[in-house]
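**Q** I have a structure here, written as structure tokens, and I will follow up with some questions on it.
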Amino acid sequence: MTTTFKQPTEHGYYGKFGGAYVPEMLHRNVEELRSTYLDIIYEAAFQQDFKALLKDYVGRPTPLYYAERLSKHFQTNIFLKREDLCHTGAHKINNTIGQILLAIRLGKKRIIAETGAGQHGVATATVCALKGIECIVYMGEKDIERQAPNVARMKMLGARVIPAVSGSKTLKDATNEAIRDWINHPNDTHYIIGSVVGPHPYPDMVARFQSVISEEIRWQLREKTGKELPEYVIACVGGGSNAAGAFYHFLDEEKVQLVAVEAAGKGITSGMSAATTQLGRTGILHGSKSIVMQTEDGQVTEPHSISAGLDYPGIGPLHAHLFDSRRAVFMAATDEEAMQAAFELARLEGIIPALETAHALAALRDMQFRTDDNVVICLSGRGDKDLSMYVSAMK
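The opening residue of the sequence shown carries number 75 in this note's numbering; numbering runs sequentially from there.
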């Protein structure tokens, strides 16, 4: 039985979601991780290496910034957790640092990854360069086109970027290709999954590595306000790694309202959306049971979002449980609303956010706050990679 929201059961379930639904050929890979990950990542030497790299390489702790003009605009106290200031420009590096250290301890010589917005791909290529390990990144052909700066970064870092040309040619398809690669290279390869998705133990492992976000929020908020529990924590959700990290140390604090913001795309009922909790139902995707956008006969529906990192037809099992149990409120923002929120932050605070992050900011318009509420938003990534889309919107 799970006694808290934080940890899944022994078999990787959060409520009725999770587990490890993998082909027989992948069972050994997943079981190797499941049986060793907790022992390895809580070794004193591992923690020492992990924390040293987070501090000296990633640049942690990231600031918790009081956004004065944004706060005045929405008549409440808004704090931005500045994950955009991490090395590589997003929270993704927290997880890849942890997983590369784990892979080395497991004796792996080759790393594969999937990426949508490219931030996870860049973060994976970065740590592989740091440790001198071969890196292959799978990325949807459509995402390669719309995230060209990140593709260039990956290649400069020495990674091989392989396009996924099936299906919608986005994150789902890149994940499929990465899983196929892992099946074909079971002995020497570690698959660094970038979000809280996939078979157990990945959702739990990634959440633990990203939990440094909420760990810092608690003591930083206490320093600034005298209280370590905010009234609200808001984060965008595709698979959901930045949200898992931002929520983690508040999951069992019922006084804290957790708000997850999905991508509504062109509109929830438009047929071009990625609002999984609004449109999906229970199903299996990429190795775990969760909420999945699918047809009546169980075929996965193609998602749509202006943001490549939210363009995913599922959601991590932890988030599915938070939705199902009503522990978190799930909202959705359209492409247009996210774009407007990005420009609003840029012009009020001088911060250009990633389009993924902009969805979380867009939720502010639909929420009611008291003037003394403390609202923390996970600013999961910076907007450099989306600059061409922002430029197009200004024309």
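C-beta atoms are modelled at their ideal positions from N, C-alpha and C, and glycine is treated no differently.
Remember, predicted model here, so these are calculated numbers, not experimental data.
Assign D371 to one of two classes, buried (16 or more other C-beta atoms within 10 Å of its C-beta) or exposed (fewer than that).
**A** exposed
**Q** Please classify K459 as buried or exposed, where buried requires at least 16 other C-beta atoms within 10 Å of its C-beta.
**A** K459 is buried by the Cβ-count criterion.
**Q** Return helix, strand or coil for V286, following the three-state DSSP convention.
**A** helix
**Q** Measuring only the C-alpha atoms, how far is T162 from Q193?
**A** 7 Å
**Q** First and last residue of the beta strand (DSSP E) that includes P237?
**A** Per DSSP, P237 belongs to the beta strand (DSSP E) from 234–238.
**Q** Could you give the residue range of the alpha helix (DSSP H) that holds V104?
**A** Start and end: 98–115.
**Q** Whose C-alpha, out of I425, V465, Y464, R439, is nearest the C-alpha of R456?
**A** I425
**Q** Can you list, in chain order, the stretches of the beta strand (DSSP E) that have 3 or more residues and sit fully within the region 311–346?
**A** 331–339
**Q** Roughly how many angstroms lie between the CA atoms of V450 and F153, to the nearest whole one?
**A** 5 Å
**Q** Is Q193 helix, strand or coil by DSSP?
**A** helix
**Q** Going by DSSP in three states, F404 sits in which element: helix, strand or coil?
**A** strand
**Q** In the structure shown, what three-state DSSP assignment does S174 receive?
**A** The identity of residue 174 in the sequence shown is Ile, whereas the question assumes Ser. Helix, per DSSP.
**Q** To the nearest angstrom, report how far apart G89 and V465 are at their CA atoms.
**A** C-alpha of G89 to C-alpha of V465: approximately 44 Å in a straight line.
**Q** What residue does the beta strand (DSSP E) around T263 start on, and which one ends it?
**A** It spans 263–266 - the beta strand (DSSP E) in which T263 sits, taken as one unbroken run.
**Q** Three-state secondary structure (DSSP) at S364?
**A** When DSSP states are grouped into helix, strand and coil, S364 belongs to the strand group.
**Q** So, at 6 Å on beta carbons, what are the nonlocal neighbours of S240 in its own chain, with the 5 sequence-adjacent residues on each side left out?
**A** D247
**Q** Write down the C-beta distance between G268 and A187 rounded to the nearest angstrom, noting that I regard them as a contact closer than 8 Å.
**A** Between A187 and G268 the Cβ distance is about 6 Å, and since that is below 8 Å, they are a contact.
**Q** Does the region 280–290 come into contact with the region 313–332, if we say contact requires no fewer than three beta-carbon pairs (one atom in each stretch) closer than 8 Å?
**A** yes
**Q** Would you be able to state if there are at least three C-beta pairs under 8 Å between the region 358–366 and the region 327–342?
**A** no
**Q** Buried or exposed for Y306, going by 16 or more other Cβ atoms inside 10 Å?
**A** buried
**Q** Write down the C-beta distance between T170 and I266 rounded to the nearest angstrom, noting that I regard them as a contact closer than 8 Å.
**A** Contact holds; Cβ gap of about 6 Å.
**Q** Between the Cα of D446 and those of A428, M468, G300, spot the shortest distance and give me the residue it belongs to.
**A** Of the candidates A428, M468, G300, the one whose C-alpha sits nearest the C-alpha of D446 is G300.
**Q** Expressed to the nearest angstrom, what Euclidean distance is found between the alpha-carbon atoms of V374 and L127?
**A** 38 Å
**Q** According to DSSP, which residues form a beta bridge with T356?
**A** I365
**Q** Quick one, which of I218, L180, P427 has its alpha-carbon nearest A238's?
**A** I218
**Q** Distance check for G314 and E84, CA to CA, integer angstroms please.
**A** 21 Å
**Q** Pick from L461, K216, F148: whose alpha carbon is nearest that of D440?
**A** F148
**Q** Round the Cβ separation of F136 and C310 to the nearest angstrom and send it over; I've been treating them as touching at under 8 Å.
**A** Here the sequence assigns Thr to residue 136, which means Phe is not the residue at that position. Not a contact, Cβ separation roughly 17 Å.
**Q** Between which two residues does the alpha helix (DSSP H) harbouring M230 extend?
**A** 222–230
**Q** Quick test of your reading: V271 and G388, contact by CB under 8 Å. State the CB separation rounded to the nearest angstrom.
**A** 7 Å
**Q** Distance, Cα to Cα, A436 vs K229?
**A** 33 Å
**Q** Quick one: is S145 buried, meaning 16 or more other Cβ sit within 10 Å of its Cβ, or exposed?
**A** buried
**Q** Any contact of the region 341–360 with the region 100–110, i.e. 3+ C-beta pairs under 8 Å?
**A** no
**Q** Bridge partners for M463 per DSSP, in chain order?
**A** DSSP output for M463 lists no bridge partner at all.
**Q** What number of angstroms, rounded off, separates the C-alpha of F124 from the C-alpha of Y131?
**A** Whole-angstrom Cα-Cα distance: 10 Å.
**Q** Only counting the same chain, and skipping five residues up and downstream in sequence, which positions put a Cβ closer than 7 Å to that of K329?
**A** L303
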